[in-house]
Amino acid sequence: MSSSIDFLKAKLAEYADEKMTFMEVCGTHTVSIFKSGLRSILPQNINLLSGPGCPVCVTDQRDIDSIISIFENSDEKITIATYGDMMRVPGSISNSKKRSSLADLRGGGADVRVVTSAIQCIDIAERANNQVIFLGVGFETTAPATAILIKEAAARNIKNLSVYSVHKTIPRALRALASNEIGAVNLDGFLLPGNVSVLIGERPYRFIPEEYNKACVIAGFEAEPILAAIVELARQTKFKTPEVVNYYKEAVSADGNRHAMKLTYEVFLARDSEWRGLGEIKASGLGIREEFQDYDAEVRFSIIKTEAQVTGCECGKVLLGIITPPECKLFGGACTPTSPVGACMVSGEGTCGAWYRWNVNYQR
Numbered sequence: 014m015s016s017s018i019d020f021l022k023a024k025l026a027e028y029a030d031e032k033m034t035f036m037e038v039c040g041t042h043t044v045s046i047f048k049s050g051l052r053s054i055l056p057q058n059i060n061l062l063s064g065p066g067c068p069v070c071v072t073d074q075r076d077i078d079s080i081i082s083i084f085e086n087s088d089e090k091i092t093i094a095t096y097g098d099m100m101r102v103p104g105s106i107s108n109s110k111k112r113s114s115l116a117d118l119r120g121g122g123a124d125v126r127v128v129t130s131a132i133q134c135i136d137i138a139e140r141a142n143n144q145v146i147f148l149g150v151g152f153e154t155t156a157p158a159t160a161i162l163i164k165e166a167a168a169r170n171i172k173n174l175s176v177y178s179v180h181k182t183i184p185r186a187l188r189a190l191a192s193n194e195i196g197a198v199n200l201d202g203f204l205l206p207g208n209v210s211v212l213i214g215e216r217p218y219r220f221i222p223e224e225y226n227k228a229c230v231i232a233g234f235e236a237e238p239i240l241a242a243i244v245e246l247a248r249q250t251k252f253k254t255p256e257v258v259n260y261y262k263e264a265v266s267a268d269g270n271r272h273a274m275k276l277t278y279e280v281f282l283a284r285d286s287e288w289r290g291l292g293e294i295k296a297s298g299l300g301i302r303e304e305f306q307d308y309d310a311e312v313r314f315s316i317i318k319t320e321a322q323v324t325g326c327e328c329g330k331v332l333l334g335i336i337t338p339p340e341c342k343l344f345g346g347a348c349t350p351t352s353p354v355g356a357c358m359v360s361g362e363g364t365c366g367a368w369y370r371w372n373v374n375y376q377r
């Protein structure tokens, strides 16, 4: 172990002289923390929780049901395109008693395609005679790409392409967590998401220390900067000096990527959004503006909104830090990466998936 890691461990032990609870809200951080073994060297007084930082995990069950309902109830032939991790995200249980997902839909013969970039949908639509719907998912990191897709489709006057937006924004979720309005555990601070911060910058987080007196650090994804960030969180908490500290200055500025965010809000506007297991968070989603409604699948097609069905999955409690994944009765048995019941087990950045794959203390 390097001398710098030893130094950080000593500083953390010095600051963490009482119980402190921090939450990382980035799926990449979650995986990095597990893979590097950082949890094993944290002092007992540090409780590190994994929050709702995986966009696939927080996509609501009803949104999966809705995109499937478009396909099942439209008189037109439909092609659905989305990112790979979304394919196995479960919706409700279907009449056949199998869990409904886009993978199930494709297995039944539907034209469901995986794309690696939103703009690929332009080529799909131009080659197809049917309607193409892109299921746009992700936080501020992927929303600009969906905005480019919509603007390009409008510029080319493509008539058979639309977007079902389930994009969400991180700061509103952090407000809900910091204020405890959605029933999360009491937190002392946040390890802020690196990738999202590249886009939005430092400023949107300043309400957290100013209004809620909670520590905040932006960090990259290697073990040492993550540990340094946890040390800084402990220092701020011990001395009651909450602020936003940026340990990822090589990629994150105070204002972020202004061009990308301007582009995003030219196409999208804030709206209330349902987060799987967390419920509705005000103004935390991105809906398509009226001037681009020709490319809004919610306007173009009939959407059947269903009530979320109870599956026994405790994904919401995991995302809120109330329980750890092994405390869910389905974890590792009925719910595994190859047969997921909940979205937190599906994604490579999901908390349950990370626990299952990387936590050496969990015995399968």
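Each residue of the sequence shown is one higher than the last, beginning at 14 in the working numbering. Each residue gets a CB set at the ideal place from its N, CA and C atoms; glycine is no exception.
Item, Value
"Enumerate, from N- to C-terminal direction, the unbroken beta strand (DSSP E) stretches of 3 or more residues contained entirely within the region 281-359.", "281-288 and 292-301"
"Let me know the alpha helix (DSSP H) ranges lying completely inside the region 144-177, each 4 residues or longer, listed in chain order.", "156-168"
"How do the region 183-201 and the region 215-223 stand: do at least 3 beta-carbon pairs fall below 8 Å, yes or no?", "yes"
"Below 8 Å, how does it come out for the region 56-73 and the region 22-39: are there three or more Cβ pairs, yes or no?", "yes"
"Per DSSP, GLY202 forms a beta bridge with which residues?", "PHE35 and ALA228"
"So, with DSSP's three-state summary, where would you put LYS48?", "helix"
"Nearest to ALA191 by CA position, among GLY64, PRO353 and TRP371, is which residue?", "GLY64"
"Quick one: residues in its chain with C-beta nearer than 7 Å to the C-beta of LYS22, no 5 flanking neighbours on either side, listed in chain order?", "ILE54"
"Mind reading off the beta-carbon distance from ILE137 to ARG119? Whole number of angstroms is fine, and I expect it under 8 Å.", "With 8 Å as the limit, ILE137 and ARG119 do not qualify as a contact, their Cβ atoms being about 15 Å apart."
"Per DSSP, what kind of secondary structure is LEU246 in: helix, strand or coil?", "helix"
"Which of the three DSSP states, helix, strand or coil, is assigned to ALA186?", "helix"
"VAL128 and ALA94: beta carbons closer than 8 Å?", "yes"
"DSSP three-state call for SER63: helix, strand or coil?", "strand"
"Going by the beta-carbon positions, is the gap between ILE91 and ILE81 smaller than 8 Å?", "no"
"Quick one: any contact between the region 198-217 and the region 346-360, if contact means 3 or more CB pairs under 8 Å?", "no"
"Roughly how many angstroms separate the alpha carbons of LEU291 and ILE195, rounded to a whole number?", "7 Å"
"Do you know offhand how far GLU27's Cα is from ALA232's?", "21 Å"
"Rounded to a whole number of angstroms, what is the C-alpha to C-alpha distance between VAL331 and ALA367?", "12 Å"
"Going straight from the alpha carbon of SER114 to that of ILE243, what length do you get?", "37 Å"
"Any heavy atom of the ligand FAD within a distance shorter than 7 Å of the CB on GLY40?", "By its list of ligands, the structure shown contains no ligand whatsoever, and the ligand FAD lies outside what it can speak to."
"Am I right that GLN249 and GLY207 are in contact with their C-beta atoms under 8 Å? What's the rounded C-beta distance?", "That belief does not hold up - the Cβ atoms of GLN249 and GLY207 are roughly 18 Å apart, past 8 Å."
"If you compare alpha carbons, which of PRO238, TRP371, TYR308 and ALA160 is closest to LYS275?", "ALA160"
"How about VAL230 and LEU204: are their beta carbons less than 8 Å apart?", "yes"
"Which of the three DSSP states is assigned to ARG126 in this structure?", "strand"
"If you reduce the DSSP assignment to three classes, tell me which class ALA94 lands in.", "strand"
"Taking the alpha carbon of THR254 as the reference point, which residue from ALA228, ALA267 and VAL265 has its own alpha carbon closest?", "ALA228"
"At the level of alpha carbons, what is the spacing between SER286 and CYS67?", "15 Å"
"Taking buried to mean at least 16 other C-beta atoms within 10 Å of its own C-beta, is PHE47 buried or exposed?", "buried"
"Give me the Cβ distance between GLU153 and ILE183, rounded to the nearest whole Å; I'm assuming they're in contact under 8 Å.", "7 Å"
"Under 6 Å Cβ to Cβ from GLY363, same chain only, skipping five residues before and after it: list those, please.", "CYS67, CYS70 and CYS357"
"Measure the alpha-carbon distance for LEU343 versus VAL354 and round it to whole angstroms.", "8 Å"
"So what does ASN259 bridge to, in DSSP terms?", "ILE231"
"Compute the Euclidean distance between the alpha carbons of TYR96 and LYS251, then round it to the nearest angstrom.", "42 Å"
"Out of curiosity, what's the CA-to-CA distance linking GLU279 and TYR308?", "14 Å"
"DSSP beta-bridge partners for THR72?", "TRP288"
"Counting along the chain, where does the alpha helix (DSSP H) carrying LYS22 start and finish?", "16-28"
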